[in-house]
Structure formats: structure tokens, C-alpha cells
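Numbering (the numbering used here), first residue to last: 287 to 504. What follows is a single structure, written as C-alpha cells, with notes after it.
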């Protein structure tokens, strides 16, 4: 099977495109508007970019009526947002926070999660039960026009200025990912959870290459 997605409809009952690049880490992002309305929303088009310094990005599709997402506007207008690790234990709150609520409604209240607040931008909320947080300083937005309003995206770039990790999330000096059980997006209505990991080291990698893979700029 093959088809041209720019000119042909997918030959399957449901488009397979978003189910091919998987699993996708979830950017569960909290932010606040200039007038103090707190926001929490998940984005599956989220990724780290580099580690020296640590930088991240997320991509947000517009609404069908052309409105831009609250997280994008809040990041641009206040200069900050927080990434919260989305885990299996928090999955129901993640799902509720995906609802398209009016801009003046607080997703934290709807989800029923306990709030904490960032340190560098104390007005920005975070999910207290999440084991890891990034305080992200907004850098820029790159807009790509789609074939429809909902296909048009804002790609937001930010630098991680502070990282919070709960002590019990660490085992032998590393994040205990199987115990934390972060969730990831697949496609359709499907998600997955990380419960198993395995290690592979590149044969013949130099000390500098190995350090880079570990995230050590030295």
C-alpha cells in the first residue's frame, strides 16, 4: 500500500500518519495568562532539541476556527511555561486537561490535581504530583501554514532554566523510568506506558561521543 497524502485520501478507514512516528513523548505544559488564568494542556508533538544548554520545543495546531492555543499565547506573552512529566498514575488528569475549555477556565480545577509553582517565574503553576518538571523560558515561535486552519501550527522553542526531580524518582544516580512509568502518545485514541528499558552502547564510540550520548557536554 502506498499513497500521496498531499493529494489522496488515506486508503485505510483511519489515517495511519500519526500512528507511525511513535511513541511520542507528551509535553504536559502548564502556563498562565497575563491576567492570571492558569492553563494545563498535553501536547504530543514535544521534544528536546539539545542539552548544552537544554532546549525544547512543542508544536501546537490551531483550532478549526483559526484560534491559537492558550499555551502558545501564554508562553509568548509571559515568557515562561512548565513541562510536567505525564505518568501512568496521572493519566486521567492528562486526558481531562486535553479538553478544549474556554480561555477563562482553569484546567487545574477541572483535573483536580494539586498545584505547585515555579521558582524562576512564581506565577506559573505546575503539577505537584509529577515527578519531574522543567521551567522553560520562551525563546521564539515559528509558524507553518497548513492546508486548513487546524493544519496550521505554532512551533514554540524554549530553554530549560531549572529542572526539578523528586528524590524518589532516582535510583543509583539515574531516573528510574520503569518505576515512574511515563506515558506516550501512539495514534488514534491509543497511548503506551514505559515499563521496560534496555541498554545499547554504540560499538567503538569515543569517550567524547559516549559523553554526548549521556548528555555530558564535556
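Cβ atoms here follow ideal geometry from the backbone N, Cα and C, with glycine treated the same way.
- Non-local beta-carbon contacts of residue 330 in its own chain, meaning distances under 7 Å to residues more than five positions away in sequence, involve 310, 312, 471 in chain order.
- Residue environment for residue 367: buried (at least 16 other C-beta atoms within 10 angstroms of its C-beta).
- For secondary structure counted as the beta strand (DSSP E) over 3 or more consecutive residues, the stretch 308-393 holds these complete runs in sequence order: 313-318, 324-329, 332-337, 340-347, 366-370.
- Per the Cβ contact rule, the stretch 448-457 is not in contact with the stretch 349-365 (fewer than 3 Cβ pairs under 8 Å).
- Here the stretch 416-433 lies against the stretch 367-377, with 3 or more beta-carbon pairs under 8 Å apart.
- Here residue 342 really is in contact with residue 446; their C-beta atoms are around 6 Å apart, less than 8 Å.
- Listed in chain order, the alpha helix (DSSP H) runs fully inside the stretch 385-455 are 393-397, counting runs of at least 4 residues.
- Exclusion of the five residues before and after residue 291 leaves 303 as the residues of its chain whose Cβ lies within less than 7 Å of its Cβ.
- By the C-beta criterion, the stretch 378-393 is judged not to be in contact with the stretch 423-435, since fewer than 3 inter-stretch pairs fall below 8 Å.
- Closest option to residue 448, judged by alpha-carbon separation, among 432, 323, 412: 412.
- Residue 324 places its beta carbon 9 Å or farther from that of residue 405.
- For residue 470, the three-state secondary structure derived from DSSP is strand.
- Straight across, the Cα-Cα distance linking residue 427 with residue 442 is about 5 Å.
- For residue 295, the three-state secondary structure derived from DSSP is coil.
- CA-to-CA, the gap between residue 326 and residue 315 works out to about 6 Å.
- Contact between residue 415 and residue 376 holds, since their C-beta atoms are separated by about 6 Å, short of 8 Å.
- Distance from the CA of residue 398 to the CA of residue 378, rounded to the nearest whole angstrom, comes to 10 Å.
- In the structure shown, residue 288 adopts coil according to DSSP, grouped into three states.
- Residue pairing by DSSP places residue 460 opposite 457 in a beta bridge.
- Between the C-alpha atoms of residue 349 and residue 432 there is a straight-line separation of about 12 Å.
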